[in-house]
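Here's the structure, in structure tokens; my notes come after.
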Amino acid sequence: MRKPFFLANLAAAGVAGGALLLRFFPPGRFSFYPECPIFHFFHVYCPGCRATRALAALTQGHFTEALGYNPFVVCLLPPLLLYLAIAYRNAMRNEAFRWPAFPPLAAQALCVAALLFATYFTLNSRVRCYRRAFAA
36 MRKPFFLANL AAAGVAGGAL LLRFFPPGRF SFYPECPIFH FFHVYCPGCR ATRALAALTQ
96 GHFTEALGYN PFVVCLLPPL LLYLAIAYRN AMRNEAFRWP AFPPLAAQAL CVAALLFATY
156 FTLNSRVRCY RRAFAA
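Numbering-wise (my numbering), the sequence shown opens with residue 36 and increments by one.
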């Protein structure tokens, strides 16, 4: 068995297993997920927590709920899945494996967008937390 073939199938099984885990054991109802240090100290969901909850909502078919948790992940998921499908197809061919080309400028823009989004959502949820505390 070729190594890229095995690794590609292993990665696909890992993605499917992760989706099934989020589908049947969402983070809002089960406590075996590791505790987020940002949530522990500041009582706000970090972008990673929001991404996990958004993916769990997507696996259950709750698209608008997922957008409320993390719209960046929801918008990024279709291109990411397409990229991974192309990589999987390349691994299944009988030629040398190579990752699909990804323009460096697009990668830099994606990193900047992720950083801006994470900063905005973290600060925005902290402000909402303060508003609720002072409104009571």
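Where a beta carbon is used, it is the ideal one built from N, C-alpha and C, also for glycine.
Report the rounded CA-to-CA distance for H75 versus G49, giving the unit in angstroms.
Working through the sequence shown from its first residue, we reach residue 75 at position 40. Working through the sequence shown from its first residue, we reach residue 49 at position 14. Answer to the nearest angstrom: the Cα atoms are 28 Å apart.
What's the gap between the Cα of R128 and the Cα of G103?
On the sequence shown, position 93 is the one that residue 128 refers to. On the sequence shown, position 68 is the one that residue 103 refers to. CA-CA distance, R128 to G103, rounds to 39 Å.
So, for C110: in the same chain, excluding its five sequence neighbours on each side, which residues have a beta-carbon less than 6 Å away from its beta-carbon?
Residue mapping note: residue 110 aligns to position 75 of the sequence shown, counting from 1. Within the same chain, and ignoring the five residues on either side of C110 in sequence, no residue has its Cβ closer than 6 Å to its Cβ.
Please report the straight-line C-alpha distance between T99 and G83, rounded to a whole angstrom.
Counted from its first residue, the sequence shown places residue 99 at position 64. Counted from its first residue, the sequence shown places residue 83 at position 48. C-alpha separation (whole angstroms): 18 Å.
Just how far apart, CA to CA, sit R124 and A136?
Working through the sequence shown from its first residue, we reach residue 124 at position 89. Working through the sequence shown from its first residue, we reach residue 136 at position 101. Taking the straight line from one Cα to the other gives about 14 Å.
Would you say K68 and T94 are within 9 Å of each other, going by their C-beta atoms?
In the sequence shown, the residue the question calls residue 68 occupies position 33. In the sequence shown, the residue the question calls residue 94 occupies position 59. As written in the sequence, residue 68 is Tyr, which differs from the Lys given in the question. No; because the gap between Cβ atoms is not below 9 Å, this pair is not in contact.
Closest Cα partner of F41 within the set L115, F132, P61 and A89:
Taking the sequence shown and counting its residues from 1, one reaches residue 41 at position 6. Minimum Cα-Cα distance from F41 among the listed residues L115, F132, P61 and A89 corresponds to F132.
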